[in-house]
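What follows is a short report on a single structure.
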Amino acid sequence: MNGHPPATELLASVSRFLRDELLPTLSGAEAFNLRVSINAIDLVSREIEQQDAADKREHRRLAKLLDSYAELDVLRKQLCEKIARGDIMLDQPALREHLRATSIDRLAIDQPTYSAYLAAIGRRRPAEAGGNETAEE
Amino acid sequence: MSDQLSTYVALTGNLQTLLVRLGIGNLRQGSLQRLTGGASKETWAFDAVGPAGAVPLIMRRFSADAVPSDSVINPETEAFLIRRAGECAVPTPGIRHILEPGDDLGRGFLSDRIEGETLARRILRNPEFAEIRTELAFECGAILARIHAVPREDLPPLKTRFAAGQLYELYESYQSFGGGSAVFEAAFRWLREHMPADAETPRLVHGDFRNGNLIIGVDGIRAVLDWELAHLGDPAEDLGWITVNSWRFGEIDKPVGGFGSVEDMLEGYRFEGGEAIDAQTVRYWRTLGTLRWGLICRSMARPARPGAPLTVERAMIGRRISETELDLLDILAAEGVR
């Protein structure tokens with residue numbers, strides 16, 4: 014038996030408490046900030062679950078694209094420099110596909126209800142879905 | 142809390158004195174309330190009771206400790222512009238008074254409070270707007286044509302900012318954050334290579350004309366708000382900005398504010414005497430606008446003032462950089478990436 018509940022389970026219980034028990038007692042700016050806070054907790058939870066795998070995929074794509082086996086951070090920087098110099102351009106499908114895949118992995122963590130993300134993965138937002146709580150500022 | 146309370150008490154007293162002096166009436170007891178809004182700029186709603194009945198009013202002002210930034214015009218200029226645009230048939234709230242030091246209310250202005258909806262999601266989803274929604278893109282085009290036709294001679298001094306200057310400033314800001322976005326690099330490159338020629342005559346550009354800054358009623362657009370980013374430049378900038386995907390609030394297939402098509406907007410623009418601007422140029426400015434919004438998100442990931450705590454709202458807006466990256470890729474892929 015492993016007695017440690019995973020971090021994501023802890024976060025899910027915090028998120029549930031805040032949403033189901035605390036949120037109904039608040040209004041106005043406090044309710045707004047609590048909703049944003051709940052979204053932040055859920056985001057961190059998705060990051061814990063998905064970031065490592067996303068980084069690995071990005072690293073593999075970059076290694077192939079740049080034909081180099083340096084660290085991920087180094088390759089990211091190299092790619093920026095190459096694009097800035099015009100050594101590699103968006104008309105190259107390999108670059109486009111890499112950037113797209115990286116963006117989609119990023120949004121799966123940061124904002125999985127975003128319209129362009131749902132369109133990119135072939136889903137549509139349900140008409141009544143809430144969406145990002147900071148979207149009205 | 143007691144700080145907030147004493148601010149409120151002082152505000153009430155000074156506002157009452159001002160309203161009487163202006164002959165508008167008396168501040169209706171308990172009517173003064175702060176509306177949610179910007180961090181540095183406060184918006185207050187209140188009623189004055191005068192001889193002809195209650196007058197719904199708004200006060201926009203810089204909070205006492207806010208430092209006006211370089212990128213926005215000062216509130217006196219903003220009020221002047223709103224008044225001038227109103228004289229040129231742009232729907233705007235009537236400016237009642239520009240605050241003076243003697244008013245002891247900070248810097249800002251009083252204006253009429255216009256009934257209507259500003260929350261984009263309600264404008265896009267509530268049934269009472271269903272009928273007017275189909276007209277809004279055309280109406281936006283028509284209003285933008287009027288803004289762009291405001292004679293320059295009558296305007297206070299404004300900065301002139303075309304694409305080249307804006308890209309330079311945005312790249313500086315991008316680098317100040319440490320760079321590091323391959324998508325932003327690609328967008329900068331594309332934007333520099335496809336820069337439109339500067340217009341011969343710079344026009345008055347609103348700078349933040351989008352769903353969220355418009356008061357909408359069942360009869361259409363009642364007022365254009367938030368003129369603090371106004372400048373002189375390329376009129377196509379405004380037409381592009383309102384089509385940035387973040388301002389469609391989920392209605393991805395309706396480029397103009399989530400309610401209409403670019404064709405309808407351009408038709409309204411021409412109908413009201415605007416020059417011929419093609420969809421390609423609108424797309425250029427949508428790309429620049431998306432990049433601009435991405436960098437605004439990035440700046441949000443820092444505290445509002447050095448040393449202040451990073452609020453959860455700002456931190457979360459910081460994570461919205463990723464939405465602008467996908468939007469930029471969507472635009473540049475559709476362009477055929479020439």
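Quick note, the sequences are listed as chains A and B, same order. For my numbering, count along the first sequence from 1 and bump the result up by 13. For my numbering, count along the second sequence from 1 and bump the result up by 141. The beta carbon of each residue, even a glycine, is placed where N, CA and C say it ideally should be.
Got a sec: is the Cβ-Cβ distance from residue i to anything in chain B below 7 Å?
{"i": "residue 48 of chain A", "result": "no"}
{"i": "residue 144 of chain A", "result": "Because the pLDDT of residue 144 of chain A is 48, which lies under 50, any placement of that residue in the model is unreliable, and the question is left without a value."}
{"i": "residue 96 of chain A", "result": "yes"}
{"i": "residue 113 of chain A", "result": "yes"}
{"i": "residue 11 of chain A", "result": "Past the boundaries of the shown model lies residue 11 of chain A; chain A is included only from 14 to 150, so the question cannot be answered."}
{"i": "residue 123 of chain A", "result": "yes"}
{"i": "residue 129 of chain A", "result": "yes"}
{"i": "residue 120 of chain A", "result": "yes"}
{"i": "residue 132 of chain A", "result": "yes"}
Which residue comes first and which comes last in the alpha helix (DSSP H) that contains residue i?
{"i": "residue 273 of chain B", "result": "271–289"}
{"i": "residue 382 of chain B", "result": "377–382"}
{"i": "residue 21 of chain A", "result": "20–30"}
{"i": "residue 403 of chain B", "result": "403–412"}
{"i": "residue 390 of chain B", "result": "Neither: residue 390 of chain B is in no alpha helix (DSSP H) and is coded neither H nor E."}
{"i": "residue 465 of chain B", "result": "462–475"}
{"i": "residue 72 of chain A", "result": "41–79"}
{"i": "residue 306 of chain B", "result": "304–317"}
{"i": "residue 36 of chain A", "result": "Unbroken run through residue 36 of chain A: none, as it is neither H nor E."}
{"i": "residue 457 of chain B", "result": "453–459"}
{"i": "residue 266 of chain B", "result": "261–266"}
{"i": "residue 340 of chain B", "result": "Residue 340 of chain B -> no alpha helix (DSSP H), and no H or E assigned at all."}
{"i": "residue 131 of chain A", "result": "128–133"}
Per DSSP, what kind of secondary structure is residue i in: helix, strand or coil?
{"i": "residue 325 of chain B", "result": "helix"}
{"i": "residue 395 of chain B", "result": "coil"}
{"i": "residue 111 of chain A", "result": "helix"}
{"i": "residue 335 of chain B", "result": "coil"}
{"i": "residue 117 of chain A", "result": "helix"}
{"i": "residue 87 of chain A", "result": "helix"}
{"i": "residue 155 of chain B", "result": "helix"}
{"i": "residue 161 of chain B", "result": "helix"}
{"i": "residue 17 of chain A", "result": "coil"}
{"i": "residue 295 of chain B", "result": "helix"}
{"i": "residue 495 of chain B", "result": "Nothing about residue 495 of chain B can be reported from this structure: the residues present for chain B run from 142 to 479 only."}
{"i": "residue 366 of chain B", "result": "coil"}
{"i": "residue 430 of chain B", "result": "helix"}
{"i": "residue 167 of chain B", "result": "strand"}
{"i": "residue 374 of chain B", "result": "strand"}
{"i": "residue 194 of chain B", "result": "strand"}
{"i": "residue 361 of chain B", "result": "strand"}
{"i": "residue 148 of chain A", "result": "Residue confidence is low: residue 148 of chain A scores 45 on pLDDT, short of 50, so the model does not pin down where it sits. Its coordinate-derived value is still stated next. It is coil, neither helix nor strand."}
{"i": "residue 386 of chain B", "result": "helix"}
Are any of the Cβ atoms in chain A nearer than 7 Å to that of residue i?
{"i": "residue 324 of chain B", "result": "yes"}
{"i": "residue 255 of chain B", "result": "no"}
{"i": "residue 403 of chain B", "result": "no"}
{"i": "residue 352 of chain B", "result": "no"}
{"i": "residue 457 of chain B", "result": "yes"}
{"i": "residue 393 of chain B", "result": "yes"}
{"i": "residue 327 of chain B", "result": "yes"}
{"i": "residue 443 of chain B", "result": "no"}
{"i": "residue 478 of chain B", "result": "Interpretation of residue 478 of chain B is limited by its pLDDT of 46, a score under 50 that renders its predicted location unreliable; the figure taken from the coordinates is listed afterwards. Interface residue, yes."}
{"i": "residue 453 of chain B", "result": "yes"}
{"i": "residue 240 of chain B", "result": "no"}
{"i": "residue 212 of chain B", "result": "no"}
Following the continuous beta strand (DSSP E) through residue i, name the residue where it begins and the one where it ends.
{"i": "residue 174 of chain B", "result": "174–176"}
{"i": "residue 190 of chain B", "result": "182–191"}
{"i": "residue 355 of chain B", "result": "355–358"}
{"i": "residue 346 of chain B", "result": "344–346"}
Taking residue i as the reference, which of the options has the closest Cα?
{"i": "residue 452 of chain B", "options": "A:43, A:18 and A:31", "result": "A:43"}
{"i": "residue 19 of chain A", "options": "A:122, A:38 and A:61", "result": "A:61"}
{"i": "residue 87 of chain A", "options": "A:99, A:71, A:98 and A:123", "result": "A:71"}
{"i": "residue 320 of chain B", "options": "B:183, B:435 and B:418", "result": "B:435"}
{"i": "residue 254 of chain B", "options": "B:364, B:354, B:328 and B:316", "result": "B:364"}
{"i": "residue 271 of chain B", "options": "B:399, B:221, B:346 and B:287", "result": "B:399"}
{"i": "residue 302 of chain B", "options": "B:263, B:345, B:266 and B:332", "result": "B:345"}
{"i": "residue 311 of chain B", "options": "B:167, B:471, B:162 and B:431", "result": "B:431"}
{"i": "residue 421 of chain B", "options": "B:407, B:414, B:412 and B:297", "result": "B:407"}
{"i": "residue 427 of chain B", "options": "B:389, B:370 and B:446", "result": "B:389"}
{"i": "residue 292 of chain B", "options": "B:331, B:338 and B:227", "result": "B:227"}
{"i": "residue 274 of chain B", "options": "B:471, B:401, B:409 and B:200", "result": "B:401"}
{"i": "residue 239 of chain B", "options": "B:233, B:247 and B:232", "result": "B:247"}
{"i": "residue 324 of chain B", "options": "A:94, A:128 and A:126", "result": "A:94"}
{"i": "residue 214 of chain B", "options": "B:379, B:190, B:371 and B:442", "result": "B:371"}
I want to verify the contact list: residues of chain E whose CB lies under 8 Å from the CB of residue i, in sequence order.
{"i": "residue 470 of chain B", "result": "No chain E is part of this structure, whose protein chains are labelled A and B."}
Less than 6 Å between the CB of residue i and some heavy atom of the ligand FAD, yes or no?
{"i": "residue 319 of chain B", "result": "Here there are no bound small molecules, and the ligand FAD is not part of this structure."}
Residue ranges of each beta strand (DSSP E) within the region 196–257 of chain B, 3 or longer:
236–239 and 249–253
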